[in-house]
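Residue numbers 1 to 432, in the UniProt record's numbering, belong to the letters of the sequence shown in order. Scroll down for the structure; my scribbles are underneath it.
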Amino acid sequence: MEQQQQGAAARRMATLASHLRPQPASSHPQGVIALCLDSLLPLPALSVTSPASSPAFAINSGSWRTKLRPAPKVKGLISRGEGGRRSRKLGPWRQRRLLLMEEVPLLMGSNCRAKGAAPGFKVAILGAAGGIGQPLALLMKMNPLVSVLHLYDVVNAPGVTADISHMNTGAVVRGFLGQPQLENALTGMDLVIIPAGVPRKPGMTRDDLFNINAGIVRTLCEGIAKCCPKAIVNVISNPVNSTVPIAAEVFKKAGTYDPKRLLGVTTLDVVRANTFVGEVLGLDPREVNVPVIGGHAGVTILPLLSQVNPACSFTSEEVNYLTSRIQNGGTEVVEAKAGAGSATLSMAYAAAKFADACLRGLRGDAGIVECSYVASQVTELPFFASKVRLGRSGVEEILPLGPLNEFERAGLEKAKKELAQSIQKGVSFINK
Numbered sequence: 001m002e003q004q005q006q007g008a009a010a011r012r013m014a015t016l017a018s019h020l021r022p023q024p025a026s027s028h029p030q031g032v033i034a035l036c037l038d039s040l041l042p043l044p045a046l047s048v049t050s051p052a053s054s055p056a057f058a059i060n061s062g063s064w065r066t067k068l069r070p071a072p073k074v075k076g077l078i079s080r081g082e083g084g085r086r087s088r089k090l091g092p093w094r095q096r097r098l099l100l101m102e103e104v105p106l107l108m109g110s111n112c113r114a115k116g117a118a119p120g121f122k123v124a125i126l127g128a129a130g131g132i133g134q135p136l137a138l139l140m141k142m143n144p145l146v147s148v149l150h151l152y153d154v155v156n157a158p159g160v161t162a163d164i165s166h167m168n169t170g171a172v173v174r175g176f177l178g179q180p181q182l183e184n185a186l187t188g189m190d191l192v193i194i195p196a197g198v199p200r201k202p203g204m205t206r207d208d209l210f211n212i213n214a215g216i217v218r219t220l221c222e223g224i225a226k227c228c229p230k231a232i233v234n235v236i237s238n239p240v241n242s243t244v245p246i247a248a249e250v251f252k253k254a255g256t257y258d259p260k261r262l263l264g265v266t267t268l269d270v271v272r273a274n275t276f277v278g279e280v281l282g283l284d285p286r287e288v289n290v291p292v293i294g295g296h297a298g299v300t301i302l303p304l305l306s307q308v309n310p311a312c313s314f315t316s317e318e319v320n321y322l323t324s325r326i327q328n329g330g331t332e333v334v335e336a337k338a339g340a341g342s343a344t345l346s347m348a349y350a351a352a353k354f355a356d357a358c359l360r361g362l363r364g365d366a367g368i369v370e371c372s373y374v375a376s377q378v379t380e381l382p383f384f385a386s387k388v389r390l391g392r393s394g395v396e397e398i399l400p401l402g403p404l405n406e407f408e409r410a411g412l413e414k415a416k417k418e419l420a421q422s423i424q425k426g427v428s429f430i431n432k
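Structural data, given as structure tokens:
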């Protein structure tokens with residue numbers, strides 16, 4: 001049986017080889033021709049060499065590689081001459097086997113994959129090789145709304161790109177390494193997600209990260225202003241309370257600022273609130289919705305437990321416990337990891353969840369409501385996290401806070417005092 005299969009495979013190879021007659025090299029102006037086949041495998045170790053007068057070719061992971069210039073007009077096959085004219089349509093047999101025949105300057109797998117890209121949006125992750133960036137890249141590669149995924153970082157971007165690109169989902173993955181490739185990574189993007197920066201370590205607050213991460217966010221936002229000023233920008237880099245104002249000031253200086261398109265990602269606070277409330281109430285956290293307002297650090301994180309859906313009541317002890325745990329959830333993870341990292345996995349999940357909401361808004365879906373840290377007039381502060389309705393232009397409506405109880409009103413005043421300082425710190429960093 002094995003000999004019969006090998007013989008059949010060899011005959012198929014010989015048939016294809018007979019179609020690949022070499023032409024003079026000067027007759028083709030652009031480059032090589034790639035044939036991507038879907039039914040000649042599994043034959044990973046098989047290679048076929050043409051007669052001495054013909055160039056060599058081989059099967060490698062389903063792709064033909066040859067320097068024939070150009071392919072001849074063969075019955076049932078498309079070929080292109082210098083004028084770009086086509087011959088006959090593909091026959092049914094070759095329609096199943098010939099996925100792509102395209103003139104390209106370099107024969108690379110990415111060229112084949114790009115032709116099969118699903119319709120959707122172009123997304124860039126800046127800081128894709130980091131602790132948050134890698135799992136976030138994985139989750140965005142799985143999102144059916146993403147057609148092109150650009151992964152940028154100053155180190156290790158090629159390895160992450162190669163790894164993620166092997167997933168058999170619709171998005172085409174491209175990697176970009178270092179500052180010289182930042183503009184290419186950003187050009188034409190619909191959504192840019194920024195998890196870049198150094199992580200928290202035990203004993204560090206988000207403000208301890210400011211001096212490093214502030215400069216990183218400034219550089220990346222300068223690239224966004226130049227290459228994709230209409231993109232939706234999701235800022236994850238901490239401290240979000242300051243980095244979002246930094247991004248806003250950069251865009252203002254560039255003349256591209258649109259407050260509807262700049263969003264700080266506070267979804268992890270909502271995810272934690274839903275989880276912890278679900279534990280206390282004995283409910284599935286996926287069925288719980290807790291609004292979280294204010295900011296994204298310490299006391300600026302204010303869960304509105306009086307507005308939990310489904311409606312419920314808590315004792316004062318439960319309110320104090322839940323509020324404290326939600327506010328200190330990041331510290332809980334940092335201490336549990338004992339210096340080995342921060343809340344990278346849950347943050348990646350939350351970021352992917354929020355990015356998906358932004359993409360559904362861009363698609364035109366109705367009723368997309370999430371909490372986010374945005375330019376706002378809900379309070380006297382220029383930036384504030386609250387419920388927003390997302391749409392094609394980004395933030396289409398900022399929803400009112402709703403009724404607050406006495407505990408929440410007191411927490412709001414504490415949050416605003418600290419938020420005001422963090423916002424001013426970010427603004428001063430750019431305008432100093």
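Note that beta-carbon positions come from the ideal geometry of N, C-alpha and C, so glycine has one too.
Cβ-Cβ separation between T187 and C227: approximately 5 Å, consistent with a contact (criterion under 8 Å). DSSP places C228 in the coil class of the three-state scheme, outside both helix and strand. Here P382 has A375 and I423 as same chain residues with Cβ atoms under 7 Å from its own Cβ, once five neighbours each way along the sequence are excluded. In this structure L209 touches G197 by the C-beta definition: roughly 7 Å separates them, less than 8 Å. At least 8 Å separates the beta-carbon of A129 from that of L191. For the pair of segments examined, the region 364–373 was found not to touch the region 146–161: the number of CB pairs separated by less than 8 Å stays below three. Apart from sequence neighbours up to five positions away, the residues of its chain that approach F121 with a beta-carbon distance below 7 Å are L145, V146, S147, D190, L191, L359 and L362, ordered along the chain.
Taken through DSSP and simplified to helix, strand or coil, S242 comes out as helix. Taking 8 Å as the cut-off, the Cβ atoms of T161 and G170 do not count as close. In the three-state reduction of the DSSP assignment, Y373 falls in the strand class.
Annotated three-state conformation of G159 is helix, per DSSP. Residues of the same chain with a CB within less than 6 Å of the CB of K414, apart from the 5 flanking positions on each side, are V299 in chain order. In this structure H296 is in contact with V240, their Cβ atoms being roughly 4 Å apart against a cut-off of 8 Å. With a cut-off of 8 Å on Cβ pairs, the region 394–402 is in contact with the region 252–271, counting three or more such pairs.
Distance from the CA of G426 to the CA of I246, rounded to the nearest whole angstrom, comes to 5 Å. Rounded to whole angstroms, A336 and V271 show a C-alpha spacing of 19 Å.
Fully contained in the region 260–293 are the following alpha helix (DSSP H) runs of length 4 or more, in chain order: 267–281. Beta-bridge partners assigned by DSSP to D153: L177. Judged by DSSP secondary structure, I326 falls within the alpha helix (DSSP H) whose first and last residues are S316 to Q327. Nearest to N320 by alpha-carbon distance, out of L268, V280, E287 and G330, is V280. The C-beta of N143 has 16 or more other C-beta atoms within 10 Å across all chains shown, which makes the residue buried. The residue among D269, L305, P310 and L304 with its C-alpha nearest the C-alpha of V288 is P310. DSSP places R200 in the coil class of the three-state scheme, outside both helix and strand. Residues of the same chain with a CB within less than 8 Å of the CB of N238, apart from the 5 flanking positions on each side, are G197, R200, R206, L209, N213, H296 and A297 in chain order. Under DSSP, K122 shares a beta bridge with V148.
If you draw a 10 Å sphere on the C-beta of G178, you find fewer than 16 other C-beta atoms in it, and that means exposed. Under the three-state reduction of DSSP, E380 is assigned to coil, being neither helix nor strand. In the displayed model, L390 falls within a strand according to three-state DSSP.
Between M167 and A355, the gap from beta carbon to beta carbon reaches 8 Å or more.
A direct Cα-to-Cα measurement between I430 and T256 gives close to 16 Å. Secondary-structure assignment with DSSP links E397 through a beta bridge to R389.
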